[in-house]
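S.K.: Going line by line, the protein sequences match chains A and B. The numbering used here numbers the first residue of the first sequence as 196 and each following residue consecutively. The numbering used here numbers the first residue of the second sequence as 6 and each following residue consecutively. Every residue gets a Cβ at the ideal spot worked out from N, C-alpha and C, and that includes glycine. Keep in mind the model is a prediction, meaning the values are calculated, not measured.
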Amino acid sequence: MNKDLMGKVSFFQVMILNAIGRLVEKPLADWFEAMHVGLSWPDARIWCNQIGALGGTMRSTVVAATVAGVLAADSRAYGQGTLLEGFAFIERALAEARKGASVRDIVAQECARHGGKPKFMGYSRPIAKGDERLAEFFKIQERLGFPVGEHLALALDIEKVLLEEFDETMNFNGYVSAFLADQGLTAQEAYQVCAVLVTSGVTACYVDTFERPPESFLPMRCDDIDYQGPPSRPVPSPEVG
Amino acid sequence: MEKRSFVDVLFLLFRAELPNADQSQMLERLMIGLINPGPRHPATRAAMHAGVGKTNPAHILPISLSIMGGTHLGAGCVEDAMRFLRQAGKRDPQSVCDELLREQQRPAQGDWHPVAGFGSRFGSVDEIPGKLADHLSRLQGAGKALLWGCAFAKALRAHGMGWLFPGVAAAVLADLGFQPRAGAGIFQYLQAPGLLAHGLEMVNKPLTALPFPSDDNYFIEEDGDDC
Numbered sequence: 196m197n198k199d200l201m202g203k204v205s206f207f208q209v210m211i212l213n214a215i216g217r218l219v220e221k222p223l224a225d226w227f228e229a230m231h232v233g234l235s236w237p238d239a240r241i242w243c244n245q246i247g248a249l250g251g252t253m254r255s256t257v258v259a260a261t262v263a264g265v266l267a268a269d270s271r272a273y274g275q276g277t278l279l280e281g282f283a284f285i286e287r288a289l290a291e292a293r294k295g296a297s298v299r300d301i302v303a304q305e306c307a308r309h310g311g312k313p314k315f316m317g318y319s320r321p322i323a324k325g326d327e328r329l330a331e332f333f334k335i336q337e338r339l340g341f342p343v344g345e346h347l348a349l350a351l352d353i354e355k356v357l358l359e360e361f362d363e364t365m366n367f368n369g370y371v372s373a374f375l376a377d378q379g380l381t382a383q384e385a386y387q388v389c390a391v392l393v394t395s396g397v398t399a400c401y402v403d404t405f406e407r408p409p410e411s412f413l414p415m416r417c418d419d420i421d422y423q424g425p426p427s428r429p430v431p432s433p434e435v436g
Numbered sequence: 006m007e008k009r010s011f012v013d014v015l016f017l018l019f020r021a022e023l024p025n026a027d028q029s030q031m032l033e034r035l036m037i038g039l040i041n042p043g044p045r046h047p048a049t050r051a052a053m054h055a056g057v058g059k060t061n062p063a064h065i066l067p068i069s070l071s072i073m074g075g076t077h078l079g080a081g082c083v084e085d086a087m088r089f090l091r092q093a094g095k096r097d098p099q100s101v102c103d104e105l106l107r108e109q110q111r112p113a114q115g116d117w118h119p120v121a122g123f124g125s126r127f128g129s130v131d132e133i134p135g136k137l138a139d140h141l142s143r144l145q146g147a148g149k150a151l152l153w154g155c156a157f158a159k160a161l162r163a164h165g166m167g168w169l170f171p172g173v174a175a176a177v178l179a180d181l182g183f184q185p186r187a188g189a190g191i192f193q194y195l196q197a198p199g200l201l202a203h204g205l206e207m208v209n210k211p212l213t214a215l216p217f218p219s220d221d222n223y224f225i226e227e228d229g230d231d232c
């Protein structure tokens, strides 16, 4: 019953319980809360946040715009949608390592899956280079009493090889997937807990544009549109076409 | 399927009766007029962001329709526009215009929509919905709300305002007998194809295909900055 939880455990403990059916200790819930803070960064250039900002400028409701932003982050390029692939990678890599593959072999195999490029899930970023959030997260993890587990240790070794060979680093997905795999979560469970990961940043971007005149957020002029499709053609009438 | 067009069946679904030929033509022309809000519209841009951001394609429409639900140029003002047209349509359009402008104050910044469905866009008359309304008003099925709205838009023109797309939709839907509460959803539905097309157009483009202000051009305001 709600009264067994209200006032006794944190909101994030309840959120995780509802998502995976297990009541976790508070440190893990605190780690998740910090993660949600890190991923709810209200920069309106991020795709999901920009959708929230567009909702504000068009006077959608805060709920509609925030939910739209949350849906947008269900993506294979960023946001919570990438956790499924991030887990798949680190679990595959650990299975290979346990069979005796070297970290360099694992990196080479993964690059081969991606056309020879080191652009695989958990490493590199689409626009920025490096991930400034990771150093902070290692501090948070340590403070909460979580040692570096088997998946995360391997993820860090992979980063060393990528840095040496390609000048690429681990990103937040790589860290989160490995850390949560060490905590015994499955990919689907991690995805479920993170369903509304970006929500607060989207709301912030909504509020910012909602408080300004409508359509004043990055307005476009007609000549800002660079049409690259087929040239204009006459429209035939049905009997001709 | 063999006896009636898609538009007729759509009308039947919401009105529980088949349209006559004039009504059918009116709804079809409105659908064509609304089928694509264009790439400058915030809801279209939301669809394009979902596409380029590699969002699950099943989410493109719900995302863009959520933004299209807004009260500024979106479905959120269609019901109010239908109620306005229903009430004000009994009076002289010029008098209603004069009264609204006398009773309300133009905002210091941004556009002015003194009533749902009508106003300015980027500081002047948005000619495209006006052209759609003029075209529809010449059809056999043109009804009272649409014709009244055209006269009202004419009165507003002297003040740099006119029809907005939700207003045109509201007038036609009112004339076709749709209930005001149905207006928002039908307006979203009629705009959905263009939103989806623009979103899908971006799904295979690189993440950087849409303008992304660089850090040098990205400012975080502080208290006291001018917006």
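Please work out which residues of its chain come closer than 7 angstroms, Cβ to Cβ, to Leu151(B), disregarding the five sequence neighbours upstream and downstream, and give them in chain order.
M.R.: Working through the second sequence from its first residue, we reach residue 151(B) at position 146. Around Leu151(B): Ala138, Leu141, Ser142, Ala176, Val177 and Asp180.
S.K.: Anything in the stretch 233 to 248 of chain A with a Cβ closer than 8 angstroms to a Cβ of chain B? List those residues in chain order, please.
M.R.: Flagged, chain order: Asp238, Arg240, Trp242, Cys243, Gln245 and Ile246.
S.K.: Please confirm if Thr394(A) has its CB atom under 8 angstroms from at least one CB of chain B.
M.R.: In the first sequence, residue 394(A) corresponds to position 199, counting from 1. False, the Cβ-Cβ gap to chain B never drops below 8 angstroms.
S.K.: In this structure, how does DSSP classify Ser255(A) when only helix, strand and coil are distinguished?
M.R.: Translated into positions along the first sequence, residue 255(A) becomes position 60. Of the three classes helix, strand and coil, the one that applies to Ser255(A) here is coil, per DSSP.
S.K.: Measuring CA to CA, which of Ala55(B), Pro24(B), Ser10(B) and Gln92(B) is closest to Asn209(B)?
M.R.: Within the second sequence, the letter at position 204 stands for residue 209(B). Considering only alpha carbons, the answer is Ala55(B).
S.K.: Taking C-beta pairs closer than 7 angstroms, name the residues in chain A that Asp228(B) reaches, listed in chain order.
M.R.: Counting from one through the second sequence, the residue named residue 228(B) turns up at place 223. Going along chain A, no residue has its Cβ under 7 angstroms from Asp228(B), so there is no contact; the nearest lies around 14 angstroms.
S.K.: Does the distance from the CB of Asp329(A) to the CB of Phe367(A) come in under 8 angstroms?
M.R.: Along the first sequence, read from residue 1 onward, the residue named residue 329(A) stands at position 134. Along the first sequence, read from residue 1 onward, the residue named residue 367(A) stands at position 172. Strictly speaking, residue 329(A) in this sequence is Leu, with Asp absent from that position. Yes, the Cβ-Cβ distance between Leu329(A) and Phe367(A) is below 8 angstroms.
S.K.: Against Ser125(B), what residues of chain A qualify as contacts under a CB-to-CB distance less than 7 angstroms, listed in chain order?
M.R.: Looking up residue 125(B) in the second sequence gives position 120. Under the 7 angstroms cutoff, chain A gives no residues; its nearest Cβ is about 11 angstroms from Ser125(B).
S.K.: Looking only at its own chain, which residues have a Cβ that is under 6 angstroms from the Cβ of Ala21(B), when we skip the five neighbours before and after it?
M.R.: The count along the second sequence starts at 1 and reaches residue 21(B) at position 16. So the list is empty, once near-sequence residues are dropped.
S.K.: Secondary structure at Arg91(B), three-state DSSP: helix, strand or coil?
M.R.: Locating residue 91(B) in the second sequence gives position 86, where the first residue counts as 1. Looking at Arg91(B) - three-state DSSP - the assignment turns out to be helix.
S.K.: Determine the chain A residues that contact Arg50(B) at a beta-carbon separation under 7 angstroms, and present them in chain order.
M.R.: Reading the second sequence from its first residue, position 45 is the one you call residue 50(B). By Cβ distance, chain A contributes Leu249.
S.K.: Roughly how many whole angstroms lie between the Cα atoms of Glu434(A) and Ala156(B)?
M.R.: Residue mapping note: residue 434(A) aligns to position 239 of the first sequence, counting from 1. Residue mapping note: residue 156(B) aligns to position 151 of the second sequence, counting from 1. Distance between the alpha carbons of Glu434(A) and Ala156(B) is about 36 angstroms.
S.K.: Are the beta-carbon atoms belonging to Arg34(B) and Leu201(B) less than 8 angstroms from one another?
M.R.: Within the second sequence, residue 34(B) is the residue found at index 29, counting from 1. Within the second sequence, residue 201(B) is the residue found at index 196, counting from 1. Contact: no.
S.K.: How many whole angstroms separate the CB atoms of Leu70(B) and Gln193(B), which I take to be in contact at a CB cut-off of 8 angstroms?
M.R.: Translated into positions along the second sequence, residue 70(B) becomes position 65. Translated into positions along the second sequence, residue 193(B) becomes position 188. So it is a contact: roughly 5 angstroms between Cβ atoms.
S.K.: In the DSSP assignment, the alpha helix (DSSP H) including Gln423(A) goes from what residue to what residue?
M.R.: Counting from 1 along the first sequence, the entry for residue 423(A) is found at position 228. Counting along the chain, Gln423(A) falls outside any alpha helix (DSSP H), and DSSP gives it neither H nor E.
S.K.: Can you pull the chain A neighbours of Asp85(B), defined as C-beta to C-beta under 7 angstroms?
M.R.: Here residue 85(B) refers to the residue found at position 80 when the second sequence is read from its first residue. Within chain A, no residue comes near Asp85(B); the closest Cβ sits about 12 angstroms away, beyond 7 angstroms.
S.K.: Output the distance between the C-alpha atoms of Ser188(B) and Asp27(B), rounded to the nearest integer angstrom.
M.R.: Numbered from its first residue, the second sequence carries residue 188(B) at position 183. Numbered from its first residue, the second sequence carries residue 27(B) at position 22. Residue identity check: residue 188(B) is Gly in the sequence provided, not Ser. In a straight line, the C-alpha of Gly188(B) is about 20 angstroms away from that of Asp27(B).
S.K.: For Arg428(A) and Ile37(B), what's the separation of their Cα atoms in angstroms?
M.R.: Residue 428(A) sits at position 233 when you count from the first residue of the first sequence. Residue 37(B) sits at position 32 when you count from the first residue of the second sequence. Distance between the alpha carbons of Arg428(A) and Ile37(B) is about 18 angstroms.
S.K.: What did DSSP end up calling Thr261(A) once you bin it into helix, strand or coil?
M.R.: Numbered from its first residue, the first sequence carries residue 261(A) at position 66. Here Thr261(A) sits in helix by DSSP.
S.K.: Can you find a C-beta in chain A that's less than 8 angstroms from the C-beta of Arg186(B)?
M.R.: Residue mapping note: residue 186(B) aligns to position 181 of the second sequence, counting from 1. Closer than 8 angstroms: no.
S.K.: By the 10 Å Cβ neighbour count, where 16 or more other Cβ atoms means buried, how is Cys232(B) classified, buried or exposed?
M.R.: Taking the second sequence and counting its residues from 1, one reaches residue 232(B) at position 227. Note that Cys232(B) has pLDDT 48, beneath the 50 cutoff, so the model's placement of it is unreliable and the number below is only indicative. Cys232(B) should be labelled exposed.
S.K.: Can you find a C-beta in chain A that's less than 8 angstroms from the C-beta of Ser129(B)?
M.R.: Position 124 of the second sequence, counted from the start, is the residue given in the question as residue 129(B). It does not; no Cβ of chain A falls within 8 angstroms.
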